[in-house]
Amino acid sequence: MAYKDLDTFFDPDLKLPIRGKLYTVPAPGAPEAARLRKQVVAEGVPPVEQVGEALKILGAVEDEAGVWLGGVYDEMVADNIPWPMIFHAGRTAILHYGFTPDMAESHWALAQLGRLVDLEKATEFLAQIKPKT
254 MAYKDLDTFF DPDLKLPIRG KLYTVPAPGA PEAARLRKQV VAEGVPPVEQ
304 VGEALKILGA VEDEAGVWLG GVYDEMVADN IPWPMIFHAG RTAILHYGFT
354 PDMAESHWAL AQLGRLVDLE KATEFLAQIK PKT
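Remember, this note's numbering sits 253 above the position in the sequence shown when you count from 1.
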């Protein structure tokens with residue numbers, strides 16, 4: 254069996270649906286992916302203080318005036334996507350490329366869970382459940 258050229262059927266880019274549109278976050282090269290993996294393992298998902306990482310993965314570059322421009326970030330801004338959604342997309346892309354696509358998908362769907370559920374009470378409840386033996 255001969256292998257087909259991977260480029261003919263495999264899309265490495267991340268497609269994120271927001272308000273009925275698919276935004277494409279291009280896959281980083283190997284050195285950037287390695288840097289992201291180290292960061293995610295050491296620090297987890299970037300907190301709000303690390304906005305630059307989320308913008309960088311979305312293709313934005315900070316200019317001399319401190320303004321971020323470029324990439325899919327510009328597309329989202331032009332489409333009036335609110336900041337929390339843009340930041341969520343960036344954090345998801347960091348997890349997708351820096352950890353696993355499965356973890357990124359869970360983050361995409363469940364990131365707001367902490368606002369909907371008292372996670373401390375849920376954790377305490379789960380700790381009390383004893384497995385069946």
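Heads up, the beta-carbon is just placed ideally off N, CA and C, and yes, glycines get one too.
Note that the coordinates shown come from a computational prediction; the quantities given were computed from them, not determined experimentally.
Spatial distance of residue i from residue j (CA atoms)
i, j, result
"His-360", "Lys-257", "33 Å"
"Ala-357", "Val-325", "18 Å"
"Tyr-350", "Glu-296", "15 Å"
"Leu-348", "Ile-334", "21 Å"
"Leu-308", "Ile-382", "41 Å"
"Gln-303", "Ala-255", "45 Å"
"Glu-328", "Gln-292", "26 Å"
"Ala-364", "Trp-336", "15 Å"
"Pro-300", "Val-294", "14 Å"
Beta-carbon proximity of residue i to residue j, cut-off 7 Å
i, j, result
"Ala-280", "Asp-266", "yes"
"Ala-313", "Gly-323", "yes"
"Leu-311", "Gly-343", "yes"
"Val-278", "Ala-362", "no"
Host beta strand (DSSP E) of residue i (start-end)
i, result
"Arg-270", "It is Pro, not Arg, that sits at residue 270 in the sequence shown. That run of the beta strand (DSSP E) goes 267 to 271."
"Val-278", "274 to 278"
Collapsed DSSP secondary structure at residue i in the structure displayed
i, result
"Tyr-350", "helix"
"Leu-322", "strand"
Endpoints, the alpha helix (DSSP H) within which residue i is located
i, result
"Gln-292", "283 to 296"
"Lys-257", "Per DSSP, Lys-257 belongs to no alpha helix (DSSP H) and is neither H nor E."
Residues sharing a beta bridge with residue i, DSSP
i, result
"Val-314", "Leu-322"
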